[in-house]
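Q: In my numbering, the protein residues as written are 25 to 140. Beta carbons: idealized from backbone N, C-alpha and C, even for Gly. Shown below is the structure under consideration.
In structure tokens, the structure reads:
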């Protein structure tokens, strides 16, 4: 939970737009990302990453702000060619770990925006 001194200073659409501008900077240039506000929580965004190449994987994450700098990242789904796959395999777990690091890096870069 955010303390009163560390409340998120940006919400919804503006937060998602800031993420959409920043995420491509922390991903490989061939990967695509879509960011949308979370419909239920103003302090969360949904991140959809489309992997480059022939793998046809896509990853969906929910990123909820714990405070103005740190996000809790939850893997929502992994798909290959639009079909959900088992995310417990080694290669997918490696990719998930990598994307979670990138998401945390994006949150750090956005601290000036989220802290007001």
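1. Ignoring anything shorter than 3 residues, give me the beta strand (DSSP E) runs that lie fully in the region 38-78, in order along the chain.
2. What would DSSP say about residue 138, mapped onto helix, strand or coil?
3. I need the DSSP call for residue 101, collapsed to helix, strand or coil.
4. Classify residue 138: buried if its beta carbon has 16 or more other beta carbons within 10 angstroms, exposed otherwise.
5. From residue 64 to residue 113, what distance separates their C-alpha atoms?
A: Let's see:
1. 56-61, 68-74
2. helix
3. strand
4. buried
5. 30 Å
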